[in-house]
Every structure is written in structure tokens, then in C-alpha cells.
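S.K.:
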Amino acid sequence: MEYGFTQKLFGYFYHNSCMKQAKAQHLSLNSKAIKNEYKAVLERADDIGKSHLMSSYCMGAYFIALNRKTSLSPEECFSLYKDGLYNNKLFHMVIGNADSYLDEKKLPGRKKWSEESHLRRYKNDWVLDIIEGGPNDDFVLGYDYHNCGICNLCRDEGCFELAKYLCRMDYVLADMMGMKLTRTQTLAENGAYCDFRYGRKSQ
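Throughout the sequence shown, residue numbering follows my numbering, covering 32 to 234 in sequence.
This is the structure we're talking about:
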């Protein structure tokens, strides 16, 4: 795919977060090698168009690069990534909170996204169904993902085993936004689909 402005921007953001965290932990990492590998992974990657989840695709590419160009284990790379994002104040501002994410006004746009995803214009892009929480449910918004860009990218790169670590990042992001995420299966761990169910922490 094209390594354009959007991919560079997300890469800069993830790299900056991880490198600051590495410095705080007194880790000596080859910053240039990681950035070059991130670019190489995305240039090899199948295009996913103007995907709603381009940030996640780039997150996956950066995690692959981090694992390849450091001596850290996947678990250590995940911890570095997680702590780097947690400690990035700008990231907290950008992702918003439970009220903004669960705003009902966003539902029509999400349903349109779901419909378009089933056209499968790009084989690596996400395919999803939107699940609305009812009055007797303990969630507000749900997604059933039938195709996952991160799983596809990791598979294409010969490192499918790394995808499950990015799945754990979903819980990190939900927590940062003041939400609870419930999930019983993921494609990364051979589930039939990924069943995300989001609610407020007080639910």
C-alpha cells in the first residue's frame, strides 16, 4: 500500500510514544531500524483504502516492526507499547471518552460503515456487524468482526502469533476511555469472529 501522510502520522505517533517509554525504562533501542521496518511492512501490505481502522492497521505494522527490530519478547513489546500510550497525554485527548464514543448520534455512520464493509472491496480490511445494546443488556454498543486487518497483516508477514497481543490493546484503549470491554472470542485465537461489547464502567 502507499506509505502516505496518514501512515507516516500514525507511525510518528506510535514511535514517539514507544521511544519515550523506552527512554524512561532505560532501554536502548534502534529507533531508525524500527521506523524503517514499519515503513517496509506497510509498503508490502495490501491496501485497505480509506479504512475507518487505518490507525489500527498502522498499530499492527508498528508492533511487527518493534518485535523484529528489538531483542524484546512479544510480551515486553506489548508492555512497552501499552505503557507508552498510557503515558501519552495527547493520545488520551485524541481517543476521547465513553460519552463521545458511545454517542447515539454516531450510530447511523457506524451502520453505514458496516454495510460498506460487507462489500469487501479490500481483502485485508475489517468486515463487521453493529450490535445495539437493549435495555436488558449490559452493553451499549457491540461489534462482531468477521475479518480483521491486523490478523491479515500479521498472517501476510508470517507472524500471526503477534496478532493476539494487539487484541489485548483493545482492553487498554477501552480502559483509557472509561469504558468496559467484554469479549469472549477473537479471530486471532481461532474464534469464529471477534465479539466486542462496550459499556460504561458503571454498568
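Ideal placement from N, C-alpha and C gives every residue a C-beta, glycine not left out. The model shown is predicted, which means the values in this text are computed figures rather than measured ones.
Starting from the N-terminal side, write out each stretch of the alpha helix (DSSP H) that is 4 residues or longer and does not extend beyond the stretch 33 to 64.
M.R.: 36 to 55
S.K.: Helix, strand or coil: how does DSSP classify Tyr174 here?
M.R.: Secondary structure of Tyr174 (DSSP, three-state): strand.
S.K.: Is the separation between the beta-carbon of Tyr132 and that of Met210 shorter than 8 Å?
M.R.: yes
S.K.: Determine the closest residue to His83 out of Lys142, Phe191, Ala129, with distance taken between C-alpha atoms.
M.R.: The candidate whose alpha carbon is nearest that of His83 is Lys142.
S.K.: How big is the Cα-Cα spacing for Lys235 and Ala219?
M.R.: Outside the displayed range of the chain (32 to 234) lies residue 235, so it cannot be described from this structure.
S.K.: Going by the DSSP bridge assignment, what does Leu159 pair with across the sheet?
M.R.: Tyr176
S.K.: Across which residues does DSSP place Gly230 in a beta bridge pair?
M.R.: Lys211
S.K.: Quick one: residues in its chain with C-beta nearer than 8 Å to the C-beta of Gln216, no 5 flanking neighbours on either side, listed in chain order?
M.R.: Gly222, Ala223, Tyr224, Cys225, Asp226
S.K.: Can you tell me which of the three DSSP states Cys225 falls into?
M.R.: Note: Cys225 maps to strand in three-state DSSP.
S.K.: Give me, in chain order, the residues of the same chain whose beta-carbon lies closer than 8 Å to that of His46; leave out the 5 immediate sequence neighbours on both sides.
M.R.: Excluding sequence neighbours, His46 sits near Ser62, Ile65, Lys66, Tyr69, Tyr93.
S.K.: For the stretch 179 to 188 and the stretch 154 to 162, state whether three or more C-beta atom pairs, one from each stretch, are separated by less than 8 Å.
M.R.: Taking 8 Å as the limit for Cβ pairs, the verdict is that the stretch 154 to 162 does touch the stretch 179 to 188.
S.K.: Please return the same chain residues whose Cβ sits closer than 8 Å to the Cβ of Ala205, not counting the five positions on each side in sequence.
M.R.: Lys211, Leu212, Tyr229
S.K.: Using alpha carbons as the reference points, say which of Ile79, Glu33, Val72 lies closest to Leu150.
M.R.: Ile79
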